[in-house]
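Trainee: Supplied in structure tokens, the structure appears directly below.
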Amino acid sequence: MKVKVLDIPIRYGHNTYRMGEVFEIEEEYFRGIEELVVPQASEESQEPEAFPLEQIEEKSLDKMTVAELKEYAIQHEIDLGEATKKDDILAVIKGAESDE
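First residue of the sequence shown? That's 1420 in our numbering, and the numbers climb one at a time after it.
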């Protein structure tokens, strides 16, 4: 399956993948890093990304998973800094949106 790195660099198969990079990973290894990456649609299926922006915006921030919140932050160019926990990420996103 294809995944996109959200924040922290991921080392997999003798390669290091940085924020925003997409790479192929076996599903058994995905389970260990699922909060650090976002699944991507395969080229054959021609489906939108796993968390399309329109779908994310319809869902309230409080109900999003950590992966969805990180993708939301990337889409809205919000720097999460050191935030890794859901409550911390929510605080950064809400703070950034109140500044706008």
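Beta carbons: idealized from backbone N, C-alpha and C, even for Gly. Here the structure is a predicted model, which is why all the values come from computation and not from measurement.
1. Quick one, which of 1442, 1426 and 1425 has its alpha-carbon nearest residue 1433's?
2. Give me, in chain order, the residues of the same chain whose beta-carbon lies closer than 8 Å to that of residue 1475; leave out the 5 immediate sequence neighbours on both sides.
3. Within a Cβ cutoff of 6 Å, which residues of the same chain sit near residue 1502, ignoring the five residues on either side of it in sequence?
4. Measure the CB-CB distance between residue 1424 and residue 1456 and report whether it falls below 8 Å.
5. Of the choices 1421, 1427 and 1481, whose alpha-carbon is the least far from that of residue 1500?
Mentor: The relevant details are as follows:
1. 1442
2. Its pLDDT being 48, under 50, residue 1475 is placed unreliably by the model, and nothing is read from it.
3. 1508 and 1511
4. yes
5. 1427
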